[in-house]
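**Student:** Okay, here's the structure, questions in a sec.
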Amino acid sequence: MVWSGKNVAFRKKNSRKMAINTQDINFTHYTVTQKRLINFDLLRVTAMFGIVVLHYFTHGLYKHFEIYSGGAMWWSLSTYNFIMSEIVYEICHIAVNCYVMITGYFMITKPFKLNRLTVLWVEVLFYAVGLYAVLCCMGFQTFRVKELINAVFPITFKEYWFMTNYMGLLIFAPVLNVFVHHVSKSKYLLTLIGLGGISLTLLVKFPLGDTFGGSYGLLWFIFLYLVAGYVRLYAKSMNHYGRKAIVAAVITFTYHGLMAILISVFHGTNITPFGFSYNGFLFFFSLYVFLWARGLTIKENVMTRCLVKIAPYTLAVYLISDNVMVRKILWEEIFVCQGMLNDSLFIFKMLTNCFIIFTICICIDWCRKKIFEISGINYIIRLISEKIECVIKRAVITFDS
1 MVWSGKNVAF
11 RKKNSRKMAI
21 NTQDINFTHY
31 TVTQKRLINF
41 DLLRVTAMFG
51 IVVLHYFTHG
61 LYKHFEIYSG
71 GAMWWSLSTY
81 NFIMSEIVYE
91 ICHIAVNCYV
101 MITGYFMITK
111 PFKLNRLTVL
121 WVEVLFYAVG
131 LYAVLCCMGF
141 QTFRVKELIN
151 AVFPITFKEY
161 WFMTNYMGLL
171 IFAPVLNVFV
181 HHVSKSKYLL
191 TLIGLGGISL
201 TLLVKFPLGD
211 TFGGSYGLLW
221 FIFLYLVAGY
231 VRLYAKSMNH
241 YGRKAIVAAV
251 ITFTYHGLMA
261 ILISVFHGTN
271 ITPFGFSYNG
281 FLFFFSLYVF
291 LWARGLTIKE
301 NVMTRCLVKI
311 APYTLAVYLI
321 SDNVMVRKIL
331 WEEIFVCQGM
341 LNDSLFIFKM
351 LTNCFIIFTI
361 CICIDWCRKK
371 IFEISGINYI
381 IRLISEKIEC
391 VIKRAVITFD
401 S
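For the sequence shown, position 384 matches number 384 in the UniProt record's numbering, and the numbering has no gaps at all.
Here it is as structure tokens:
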């Protein structure tokens, strides 16, 4: 077929129109997507605040109390506050699962980008080394070569257990994505059932979750990632799951509460905090909260705009507040929790302290990101990541040929 100059010009003109229309469509889709992201920004911010509250209990409060398991003490203020703390403790435990599921929900359809991994690694390194240096200079920490090495290699030496697993998950994510996009829905579901069998622990040692790493292992993160991916790809229903989340919460707390009472009665010990495993009944509570948040319809207002702006800085809240050196200062010197269960304003003071920590950490990371942008560090990271990614792709193509 022979094309005249007029036909070629006509095609070019139409191509421009099509390009413009495509951009318009993409822009519209992007705008809608941004509005829907408010749901997950709300969940992300709430989850991170929940993690701070969780650390308030694990690193602070639950190291400084004792409640007698019988007599009039059952009705004391400390007992009431303890019960309330256990309820809050349970609710906050879903934060870790939800945070990982948010990642799985969005990453399951995204191509691998080395820059995403590099930016995260630099952020972890910055806070691990930076906080160690600051604390040494201020006299809160004695300089030791071993601790410096741990700070320089925070992922390798598990300075942050969550980040070690999270980085491993992101590295393995491309393989998981290839798998889920090349299997049928039924096989995907069977895979989740199989993984659930070796990831969940609903009763004592059943199924096999605790045998294969428990709730602090990479396998558990992979399971959460794939569950969220299944929701993204196949769960078309956007029904509200609020009631189911409440039912799951009641079942979880009832089970753990009964176990705590039985242990106290039969062993004659004082009442102690009963831990909630991320891979136990708490998983279903987390899942229904995640599904509920996914189906929320949130109108844009001042508060939602604030949440959207805060969300990108939330990871730093964990990196700063749960640094192994910082948390000792936070919970043992600044926010001392001893005697708090006998305080009538316990819940209010606990939430206020956690909010102060959360806000300060957000402000610190805002400053860090501004410094990175002004100094060109972000540009350098992106440039290096792109070059390394190109080298890796060329090596793969060469090896494959």
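Backbone N, C-alpha and C fix where the C-beta goes; we use that ideal spot for every residue, glycine too.
(1) Which residue comes first and which comes last in the alpha helix (DSSP H) that contains Ile-364?
(2) Roughly how many angstroms separate the alpha carbons of Ser-401 and Val-122, rounded to a whole number?
(3) Just curious, the alpha helix (DSSP H) that Thr-46 is in, first and last residue?
(4) Got a sec, what are the start and stop residues for the alpha helix (DSSP H) Thr-304 sits in?
(5) Got a sec: is the Cβ-Cβ distance from Leu-315 to anything in chain B below 9 Å?
(6) Excluding five sequence neighbours on each side, which residues of the same chain lie with their C-beta closer than 7 Å to the C-beta of Lys-185?
(7) Please go through the same chain and pick out, in chain order, the residues whose beta-carbon is closer than 8 Å to the beta-carbon of Tyr-225, but skip the five residues on each side of it.
(8) Just checking my contact of Leu-148 with Tyr-127 at CB under 8 Å: how many whole Å lie between their CB atoms?
(9) Would the beta-carbon of Tyr-313 fall within 9 Å of that of Phe-162?
(10) For a minimum of 4 consecutive residues, which ranges assigned as the alpha helix (DSSP H) are wholly contained in the stretch 136-162?
(11) Once the 5 residues before and after Leu-218 are set aside, which same chain residues still bring their CB inside 7 Å of it?
(12) Residues in the same chain with beta-carbon distance under 6 Å from Pro-207, minus the five sequence neighbours each way, listed in chain order, please.
(13) Applying the criterion that 16 or more other CB atoms from any shown protein chain within 10 Å of the CB defines a buried residue, is Glu-373 buried or exposed?
(14) Within 10 Å of its beta-carbon, does His-55 have 16 or more other beta-carbons around it, so buried, or fewer, so exposed?
(15) Note down, in chain order, each residue of its chain lying with its Cβ closer than 7 Å to the Cβ of Ile-347, except the 5 sequence neighbours on either side.
(16) Given this structure, state the Cα-to-Cα distance separating Gln-338 from Tyr-62, to the nearest angstrom.
(17) Which class does Leu-219 belong to by DSSP, given the choice of helix, strand or coil?
(18) Which whole-angstrom value describes the C-beta separation of Ile-251 and Phe-281, a residue pair presumed to lie in contact below a C-beta threshold of 8 Å?
(19) Alpha carbon to alpha carbon, how far is Arg-294 from Glu-333? Give it in angstroms, no decimals.
(20) Can you give the beta carbon distance from Trp-220 to Tyr-278, rounded, assuming they're within the 8 Å contact cut?
(21) In its own chain, which residues sit with a C-beta less than 7 Å from the C-beta of Thr-304, not counting the 5 before and 5 after it?
(22) Hey, out of Leu-330, Glu-300, Tyr-216, whose CA is closest to His-93's CA?
(23) Can you give me the C-alpha to C-alpha distance between Gly-229 and Val-178, rounded to a whole angstrom?
(24) Mark Ala-395 as exposed unless 16 or more other C-beta atoms lie within 10 angstroms of its C-beta, in which case mark it buried.
(25) Please state the DSSP three-state secondary structure of Leu-202.
(26) Go through its chain and collect everything with a Cβ distance to Gly-71's Cβ below 6 Å, but skip five positions before and after it.
(27) Taking 9 Å as the cut-off, decide whether the C-beta atoms of Ala-311 and Val-45 are in contact.
(28) Less than 9 Å between the C-beta atoms of Ile-371 and Thr-118, yes or no?
(29) To the nearest angstrom, how far is the alpha carbon of Lys-113 from that of Leu-125?
(30) Could you pull out every residue in the same chain whose Cβ sits closer than 7 Å to the Cβ of Trp-292, ignoring the five residues on either side in sequence?
(31) Tell me the DSSP secondary structure of Asn-177 in three-state form.
(32) Express the C-alpha separation of Cys-136 and Thr-142 in angstroms, rounding to a whole number.
(33) Does DSSP put residue 439 in a helix, in a strand, or in coil?
(34) Locate the alpha helix (DSSP H) running through Arg-298, then write down its first and last residues.
(35) According to DSSP, is Leu-315 helix, strand or coil?
**Tutor:** In this structure, then:
(1) Looking up residue 364 in the sequence shown gives position 364. 346-375 is the span of the alpha helix (DSSP H), which, as asked, contains Ile-364.
(2) The sequence position of residue 401 within the sequence shown is 401, counting from 1. The sequence position of residue 122 within the sequence shown is 122, counting from 1. Approximately 34 Å, taken between the alpha carbons.
(3) Locating residue 46 in the sequence shown gives position 46, where the first residue counts as 1. Thr-46 -> alpha helix (DSSP H) spans 5-59.
(4) Residue 304 sits at position 304 when you count from the first residue of the sequence shown. Run containing Thr-304: 302-310, per the alpha helix (DSSP H) assignment.
(5) Looking at the structure shown, chain B is missing, and only one protein chain is on hand.
(6) Sequence index remark: in the sequence shown, residue 185 carries index 185 (1-based). For Lys-185, where only same-chain residues beyond five positions count, the Cβ hits under 7 Å are Tyr-234.
(7) As a position in the sequence shown, residue 225 is number 225, starting the count at 1. Once the five neighbours on either side are set aside, the close Cβ partners of Tyr-225 are Val-100, Met-101, Thr-103, Gly-104, Met-107, Ile-108, Leu-169, Ala-173, Leu-176.
(8) Position 148 of the sequence shown, counted from the first residue, corresponds to residue 148. Position 127 of the sequence shown, counted from the first residue, corresponds to residue 127. With 8 Å as the limit, Leu-148 and Tyr-127 do not qualify as a contact, their Cβ atoms being about 15 Å apart.
(9) Looking up residue 313 in the sequence shown gives position 313. Looking up residue 162 in the sequence shown gives position 162. Not a contact, by the Cβ cut-off of 9 Å.
(10) 145-152
(11) The residue given as residue 218 occupies position 218 in the sequence shown. In the same chain as Leu-218, and ignoring 5 residues on each side of it, the C-beta atoms closer than 7 Å to its own belong to Asn-165, Gly-168, Leu-169, in chain order.
(12) Mapped onto the sequence shown, residue 207 falls at position 207. If we look at Pro-207 and ignore the five residues flanking it on each side, its Cβ neighbours are Gly-197, Leu-200.
(13) Taking the sequence shown and counting its residues from 1, one reaches residue 373 at position 373. With fewer than 16 other Cβ atoms within 10 Å, it is exposed.
(14) Numbered from 1 along the sequence shown, position 55 holds the residue referred to as residue 55. Buried.
(15) One-based indexing of the sequence shown puts residue 347 at position 347. Only Met-84 meet the Cβ criterion.
(16) Within the sequence shown, numbered from 1, the residue matching residue 338 stands at position 338. Within the sequence shown, numbered from 1, the residue matching residue 62 stands at position 62. Distance between the alpha carbons of Gln-338 and Tyr-62: 9 Å.
(17) Stepping through the sequence shown from its first residue, residue 219 is reached at position 219. Of the three classes helix, strand and coil, the one that applies to Leu-219 here is helix, per DSSP.
(18) By one-based count along the sequence shown, residue 251 stands at place 251. By one-based count along the sequence shown, residue 281 stands at place 281. Rounded, the Cβ-Cβ distance is 6 Å, consistent with contact.
(19) Your numbering for residue 333 matches position 333 in the sequence shown. Your numbering for residue 294 matches position 294 in the sequence shown. So the alpha carbons of these two residues sit roughly 39 Å apart.
(20) Looking up residue 220 in the sequence shown gives position 220. Looking up residue 278 in the sequence shown gives position 278. That belief holds up - the Cβ atoms of Trp-220 and Tyr-278 are roughly 7 Å apart, short of 8 Å.
(21) Here residue 304 corresponds to residue number 304 of the sequence shown, with the count starting at 1. If we look at Thr-304 and ignore the five residues flanking it on each side, its Cβ neighbours are Ile-38, Ile-298.
(22) In the sequence shown, counting from the first residue as 1, residue 93 sits at position 93. Nearest C-alpha to His-93: Tyr-216.
(23) Here residue 229 is taken as the residue at index 229 of the sequence shown, counted from 1. Here residue 178 is taken as the residue at index 178 of the sequence shown, counted from 1. Each residue's alpha carbon lies about 12 Å from the other.
(24) The sequence position of residue 395 within the sequence shown is 395, counting from 1. Exposed.
(25) The residue you call residue 202 lines up with position 202 of the sequence shown. If DSSP states are grouped into helix, strand and coil, Leu-202 belongs with coil.
(26) As a first step, residue 71 must be located in the sequence shown, where it is residue number 71. With a pLDDT of only 46 at Gly-71, under 50, the local geometry of the prediction cannot be trusted, and no value is derived from it.
(27) One-based indexing of the sequence shown puts residue 311 at position 311. One-based indexing of the sequence shown puts residue 45 at position 45. Contact flag set, yes.
(28) Working through the sequence shown from its first residue, we reach residue 371 at position 371. Working through the sequence shown from its first residue, we reach residue 118 at position 118. Not closer than 9 Å, so no.
(29) Taking the sequence shown and counting its residues from 1, one reaches residue 113 at position 113. Taking the sequence shown and counting its residues from 1, one reaches residue 125 at position 125. Looking at the two C-alpha atoms, the distance is approximately 19 Å.
(30) Along the sequence shown, one-based indexing puts residue 292 at 292. Taken in chain order, the residues that qualify are His-240, Tyr-241, Gly-242, Ala-245.
(31) Taking the sequence shown and counting its residues from 1, one reaches residue 177 at position 177. Here Asn-177 sits in helix by DSSP.
(32) On the sequence shown, position 142 is the one that residue 142 refers to. On the sequence shown, position 136 is the one that residue 136 refers to. Distance between the alpha carbons of Thr-142 and Cys-136: 6 Å.
(33) Outside the shown range of the chain (1 to 401) lies residue 439, about which nothing can therefore be said.
(34) Walking along the sequence shown from the start, residue 298 turns up at place 298. Checking the displayed sequence, the identity of residue 298 turns out to be Ile instead of Arg. Premise fails: Ile-298 is in no alpha helix (DSSP H) and is neither H nor E.
(35) Mapped onto the sequence shown, residue 315 falls at position 315. Leu-315 falls in the helix class under three-state DSSP.
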